[in-house]
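These notes are about the structure you will find just below.
2 protein chains.
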Amino acid sequence: MRIGELSERTGTPRRLLRYYEEQGLIVADRTPNGYRTYDTASVGRVVQIRGLLDAGLPTRLIKQILPCLDKPQVIHFSDATPEMLATLECELDRMTSRIQCLTRNRDAIGAYLDAVRDNHRPQAAVG
Amino acid sequence: MRIGELSERTGTPRRLLRYYEEQGLIVADRTPNGYRTYDTASVGRVVQIRGLLDAGLPTRLIKQILPCLDKPQVIHFSDATPEMLATLECELDRMTSRIQCLTRNRDAIGAYLDAVRDNHRPQAAVG
DNA sequence: GTTGACCTTCACATCAATGTGAAGGTTCGA
DNA sequence: TCGAACCTTCACATTGATGTGAAGGTCAAC
Numbered sequence: 001m002r003i004g005e006l007s008e009r010t011g012t013p014r015r016l017l018r019y020y021e022e023q024g025l026i027v028a029d030r031t032p033n034g035y036r037t038y039d040t041a042s043v044g045r046v047v048q049i050r051g052l053l054d055a056g057l058p059t060r061l062i063k064q065i066l067p068c069l070d071k072p073q074v075i076h077f078s079d080a081t082p083e084m085l086a087t088l089e090c091e092l093d094r095m096t097s098r099i100q101c102l103t104r105n106r107d108a109i110g111a112y113l114d115a116v117r118d119n120h121r122p123q124a125a126v127g
Numbered sequence: 001m002r003i004g005e006l007s008e009r010t011g012t013p014r015r016l017l018r019y020y021e022e023q024g025l026i027v028a029d030r031t032p033n034g035y036r037t038y039d040t041a042s043v044g045r046v047v048q049i050r051g052l053l054d055a056g057l058p059t060r061l062i063k064q065i066l067p068c069l070d071k072p073q074v075i076h077f078s079d080a081t082p083e084m085l086a087t088l089e090c091e092l093d094r095m096t097s098r099i100q101c102l103t104r105n106r107d108a109i110g111a112y113l114d115a116v117r118d119n120h121r122p123q124a125a126v127g
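So the sequence lines, in the order shown, correspond to chains A and B. In case it helps, my numbering puts the first sequence at residues 1 to 127. In case it helps, my numbering puts the second sequence at residues 1 to 127.
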């Protein structure tokens with residue numbers, strides 16, 4: 001598919017698809033006339049990229065992380081330098097912290113909303 | 001405490017503490033000479049703000065969310081407009097999505113790191 | 001063969017979060 | 001009384017993720 005279709009399927013502006021390519025997050029073949037073409041796997045990849053971006057990871061890290069997730073079983077150890085492993089290890093911890101922080105606050109928001117709902121039907125004390 | 005101490009205690013540049021105040025995320029009293037002063041509760045609050053920022057939430061939303069978390073039991077329903085509740089509801093869903101995405105990817109990274117470790121001791125096939 | 005919907009690159013603009021520094025006031029200790 | 005270490009506001013710079021538009025090539029359809 002070409003960039004327009006990928007854009008529609010992922011809800012991502014073309015501009016950003018080109019940006020992600022420039023950042024090395026996705027790759028695109030080119031038709032003889034220079035148009036980018038993508039395979040269907042790109043859809044999931046872009047969605048994942050957007051999720052990670054939305055979760056606060058910078059493209060630089062996403063670029064490092066993605067290769068660990070693509071290959072279902074086959075893992076390329078060749079490009080796993082000690083520095084990169086350390087980076088990943090560190091990032092793993094930071095992601096865990098992020099998850100905890102998000103979970104804590106989401107639960108608090110949920111509790112707040114529940115409280116508001118419980119408090120709008122019956123007439124109870126209000127601050 | 002003054003801004004320098006809060007900065008040290010939270011590992012946050014003074015510049016950002018002023019920025020968070022400007023964005024309405026924290027408040028500061030002023031001494032007669034104009035210096036900002038903070039109570040000890042500010043430390044936790046700033047840490048929480050940083051966590052949420054790191055998790056990808058913009059200050060605009062953090063400002064809306066924080067009031068739901070401060071008050072331990074006492075909840076101010078007065079300032080809970082329907083729009084804000086809808087916003088929170090929506091943001092709750094987005095946070096859940098973020099958490100799922102982060103968890104999925106963190107687990108994948110963990111699996112990758114485990115695989116690399118398992119593969120560095122014994123000599124196994126490598127791609 | 002022209003129109004319209006694609007696509008290309010290039011480039012400048014924006015926004016939020018942050019860095020950095022200037023110019024100056026306060027406080028405290030040598 | 002001077003200097004160091006705070007603090008203030010103001011303001012411009014930067015970075016990453018985006019928006020937007022210009023100038024132009026491709027191609028299918030009419």
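Ideal placement from N, C-alpha and C gives every residue a C-beta, glycine not left out. Predicted, not measured: the structure shown is a model, and the values here were computed from it.
Could you tell me which residues DSSP pairs with residue i in its beta bridges?
{"i": "Asp29/B", "result": "Thr37/B"}
Is residue i near residue j, with beta carbons less than 8 Å apart?
{"i": "Thr40/A", "j": "Thr31/A", "result": "no"}
{"i": "Gln64/B", "j": "Leu88/B", "result": "yes"}
{"i": "Gly56/B", "j": "Gly56/A", "result": "yes"}
{"i": "Leu61/B", "j": "Glu83/B", "result": "no"}
{"i": "Thr12/B", "j": "Arg50/B", "result": "yes"}
{"i": "Cys68/B", "j": "Tyr112/A", "result": "yes"}
{"i": "Glu21/A", "j": "Ala28/A", "result": "yes"}
{"i": "Leu85/B", "j": "Ser42/B", "result": "no"}
{"i": "Val47/A", "j": "Thr10/A", "result": "yes"}
Can you pull the chain B neighbours of residue i, defined as C-beta to C-beta under 7 Å?
{"i": "Ala108/A", "result": "Cys68 and Leu69"}
Taking Cβ-Cβ distances shorter than 8 Å, what residues in chain A pair up with residue i?
{"i": "Tyr112/B", "result": "Cys68, Leu69, Ile75 and Leu88"}
Original post:
Per the contact definition of three or more C-beta pairs closer than 8 Å, is the stretch 88 to 103 of chain B in contact with the stretch 91 to 105 of chain A?
Top reply: yes
Subject >> Contact list for the stretch 80 to 105 of chain B against chain A, Cβ threshold 9 Å >> reply: Ala80, Leu85, Leu88, Glu89, Glu91, Leu92, Arg94, Met95, Thr96, Ser97, Arg98, Ile99, Gln100, Cys101, Leu102, Thr103, Arg104 and Asn105
Original post:
Using Cβ-Cβ distances below 7 Å, what residues of the stretch 48 to 66 of chain A are close to chain B?
Top reply: Gly51, Leu52, Asp54, Ala55, Gly56 and Ile65
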